[in-house]
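Following: one structure in structure tokens, then a few remarks.
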Amino acid sequence: MLLRWLAATGQTITVLFVWWIGVEVPWIQCGIAVALTLVVNVLLEWWLRQIQWELREGFFHILLWDVLTLTFLLHWTGGLQNPFALFYLVQITLAAVALRNSAVIGLGVLVTVAFLWLWHHAVPLRLANGSQLPDEMLIQGFLVALVLAGAFVLTLLLSLRRRSHRLQMERERLRSELEARERFLSLAVLATGFAHELGTPLGTITLAAAEMHAHPDAETAAIIVREAERCQKVLQRLRELGQEATGSSAQPFAVAGIVNEALAELPEMQRTRVMVDLKACSAVVACAGLREALLVLLRNALMASVDQSIVQFRVHEQGGSLRFVIEDRGAGFDDEILRHWGEPFRTTRDPVNGMGLGLFFVRRLAASMNGSVEVENRAGGGARVSLILPQHNSAKT
Numbered sequence: 000m001l002l003r004w005l006a007a008t009g010q011t012i013t014v015l016f017v018w019w020i021g022v023e024v025p026w027i028q029c030g031i032a033v034a035l036t037l038v039v040n041v042l043l044e045w046w047l048r049q050i051q052w053e054l055r056e057g058f059f060h061i062l063l064w065d066v067l068t069l070t071f072l073l074h075w076t077g078g079l080q081n082p083f084a085l086f087y088l089v090q091i092t093l094a095a096v097a098l099r100n101s102a103v104i105g106l107g108v109l110v111t112v113a114f115l116w117l118w119h120h121a122v123p124l125r126l127a128n129g130s131q132l133p134d135e136m137l138i139q140g141f142l143v144a145l146v147l148a149g150a151f152v153l154t155l156l157l158s159l160r161r162r163s164h165r166l167q168m169e170r171e172r173l174r175s176e177l178e179a180r181e182r183f184l185s186l187a188v189l190a191t192g193f194a195h196e197l198g199t200p201l202g203t204i205t206l207a208a209a210e211m212h213a214h215p216d217a218e219t220a221a222i223i224v225r226e227a228e229r230c231q232k233v234l235q236r237l238r239e240l241g242q243e244a245t246g247s248s249a250q251p252f253a254v255a256g257i258v259n260e261a262l263a264e265l266p267e268m269q270r271t272r273v274m275v276d277l278k279a280c281s282a283v284v285a286c287a288g289l290r291e292a293l294l295v296l297l298r299n300a301l302m303a304s305v306d307q308s309i310v311q312f313r314v315h316e317q318g319g320s321l322r323f324v325i326e327d328r329g330a331g332f333d334d335e336i337l338r339h340w341g342e343p344f345r346t347t348r349d350p351v352n353g354m355g356l357g358l359f360f361v362r363r364l365a366a367s368m369n370g371s372v373e374v375e376n377r378a379g380g381g382a383r384v385s386l387i388l389p390q391h392n393s394a395k396t
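Take the sequence shown: its letter number 267 is residue 266 in numbering that gives the first Met the number 0, and every next letter is one higher.
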């Protein structure tokens with residue numbers, strides 16, 4: 000709206016300037032043009048405040064009105080001879096910034112028609128004594144018109160710059176919030192997973208300690224030691240993930256060792272259902288969270304497979320990357336899940352059995368390693384998930 004009030008001010012200055020240099024002014028016609036502009040501005044202000052009307056929704060029609068008003072004013076004040084015909088360029092500039100291409104072209108056609116009409120039908124500028132304006136006056140008028148038109152354009156550019164800065168700040172704020180939310184969800188995934196892993200050995204230790212209290216023996220003590228070492232390994236992995244999250248470089252791990260550790264965490268009955276094809280035994284990858292990601296994918300595949308069927312787990316190298324491919328014999332993913340795979344809280348399970356955070360963790364892990372995840376349904380039934388990660392440099396030398 001600031002530009003519109005500047006436009007009304009510019010029209011008033013135009014009329015007063017023409018009168019000041021001694022030109023005969025048709026006050027009634029010029030007064031009508033300025034008054035109409037002021038009335039339109041007041042109505043727009045009311046609409047914006049009372050009914051939350053968006054100015055951009057009718058901006059094309061507003062510019063059309065401004066072009067017609069300017070043409071009417073110029074018609075009575077010399078037409079193209081009037082230096083303030085430069086304000087047509089201001090209208091075109093506003094249209095180019097705020098409107099679609101088709102609207103800009105339409106407004107340009109209207110301005111061209113207005114130019115042609117003023118060329119043939121405008122009332123000439125004359126002094127009060129009936130003589131024509133000297134060239135000096137026209138030059139002065141062009142200077143004033145150029146300054147005012149430049150002020151309009153400068154005001155527009157500064158407004159756009161401020162708006163662009165606000166949008167950039169808002170975008171940065173939303174990005175920071177999104178990253179914080181994803182970090183929080185990743186921590187929720189890890190906390191849930193590690194709580195589950197620690198719960199099993201701690202439960203065993205509790206039972207063994209109670210048994211040992213009643214009947215001390217070396218075998219029970221060995222169970223306690225073994226399960227305590229298992230807890231230490233879980234805590235060590237948690238420390239490694241914490242170092243990676245704080246920016247410390249992850250240590251390279253042999254793929255074969257990570258795969259074996261992931262399989263070892265599965266119950267015996269589930270582990271026997273996994274058919275492993277490890278063709279990248281010597282490969283190395285620097286990813287502290289890989290073991291947890293593989294466990295998520297393996298558990299999902301085992302849960303999805305029907306009738307205790309086999310789950311295929313293949314690891315191979317391809318183009319400098321490692322592909323961890325897991326195939327199940329379940330019903331596959333429906334279209335909705337495929338479109339939103341890896342988004343948090345997207346799951347077809349009962350909330351008791353999971354909230355979709357595990358797949359979110361896998362997707363985020365791949366992205367943090369400049370890798371990717373490919374998800375598809377198999378032609379013969381079931382689903383295929385491929386986790387693709389770059390190899391560590393030491394594996395390529």
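For glycine and all other residues, C-beta sits at the position ideal for the given N, C-alpha and C.
Return the bridge partner residues of residue 315 from the DSSP annotation. Looking up residue 315 in the sequence shown gives position 316. Note: residue 315 sits in a beta bridge opposite 322.
Reducing DSSP to helix, strand and coil, say where residue 328 ends up. What you label residue 328 is simply residue 329 of the sequence shown in a count that begins at 1. Correct three-state label for residue 328: coil.
Looking at residue 303 and residue 327, is the spacing between their C-beta atoms short of 8 Å? Here residue 327 refers to the residue found at position 328 of the sequence shown. Here residue 303 refers to the residue found at position 304 of the sequence shown. Yes. Within cutoff.
Would residue 111 be called buried (16 or more neighbouring beta carbons within 10 Å of its own) or exposed? Position 112 of the sequence shown, counted from the first residue, corresponds to residue 111. The residue is exposed, with fewer than 16 neighbouring Cβ atoms inside 10 Å.
Between which residues of its own chain and residue 397 is the CB-CB distance below 6 Å, once the five residues before and five after are set aside? With the chain represented from 0 up to 396, any question about residue 397 goes unanswered, as that position is not in the structure.
Give every residue of the same chain whose Cβ lies closer than 6 Å to the Cβ of residue 290, excluding the five residues on either side of it in the sequence, and list them in chain order. The residue given as residue 290 occupies position 291 in the sequence shown. These residues qualify, in order along the chain: 257, 260, 261.
Below 8 Å on the Cβ atoms is my guess for residue 319 versus residue 231; work out the distance and round it to an integer in Å. One-based indexing of the sequence shown puts residue 319 at position 320. One-based indexing of the sequence shown puts residue 231 at position 232. Residue 319 to residue 231, Cβ: 35 Å. No contact.
Among 175, 7, 371, which has the Cα closest to the Cα of residue 292? Residue mapping note: residue 292 aligns to position 293 of the sequence shown, counting from 1. The option with the nearest alpha carbon to residue 292 is 371.
Do you know offhand how far residue 282's Cα is from residue 253's? For the purposes of this step, residue 282 is taken as the residue at position 283 of the sequence shown. For the purposes of this step, residue 253 is taken as the residue at position 254 of the sequence shown. Near 6 Å, if we compare the C-alpha coordinates of residue 253 and residue 282.
So, are the CB atoms of residue 78 and residue 118 less than 8 Å apart? Numbered from 1 along the sequence shown, position 79 holds the residue referred to as residue 78. Numbered from 1 along the sequence shown, position 119 holds the residue referred to as residue 118. It is a contact, given that the beta carbons lie within the stated cut-off.
Alpha carbon of residue 144 to alpha carbon of residue 60, nearest angstrom: Reading the sequence shown from its first residue, position 145 is the one you call residue 144. Reading the sequence shown from its first residue, position 61 is the one you call residue 60. Whole-angstrom Cα-Cα distance: 25 Å.
What's the C-alpha gap between residue 384 and residue 375? Position 385 of the sequence shown, counted from the start, is the residue given in the question as residue 384. Position 376 of the sequence shown, counted from the start, is the residue given in the question as residue 375. Rounded to whole angstroms, residue 384 to residue 375 spans 7 Å at the Cα level.
For a quick check, are the C-beta atoms of residue 397 and residue 358 less than 8 Å apart? As displayed, the chain neither begins before 0 nor continues past 396, which places residue 397 out of reach and without an answer.
May I ask you to list the residues that DSSP assigns as paired with residue 131? As a first step, residue 131 must be located in the sequence shown, where it is residue number 132. 125, per the DSSP bridge assignment.
Label residue 74 either buried or exposed according to how many other C-beta atoms from any shown protein chain fall within 10 Å of its C-beta, with 16 as the threshold for buried. The residue labelled residue 74 in the question sits at position 75 within the sequence shown. So residue 74 ends up on the buried side.
Where the beta strand (DSSP E) through residue 282 begins and ends: Position 283 of the sequence shown, counted from the first residue, corresponds to residue 282. First-last for residue 282: undefined, no H or E at that position.
Near residue 397, what residues of its chain come up, given a Cβ to Cβ distance below 6 Å and the 5 sequence neighbours on each side ignored? Nothing can be reported for residue 397, as the shown portion of the chain is limited to 0 through 396.
Would you list the residues sitting across from residue 276 in a DSSP beta bridge? Taking the sequence shown and counting its residues from 1, one reaches residue 276 at position 277. Answer by DSSP bridge pairing, in chain order: 313.
Quick test of your reading: residue 92 and residue 157, contact by CB under 8 Å. State the CB separation rounded to the nearest angstrom. Against the sequence shown, residue 92 aligns to sequence position 93. Against the sequence shown, residue 157 aligns to sequence position 158. Between residue 157 and residue 92 the Cβ distance is about 14 Å, and since that is not below 8 Å, they are no contact.
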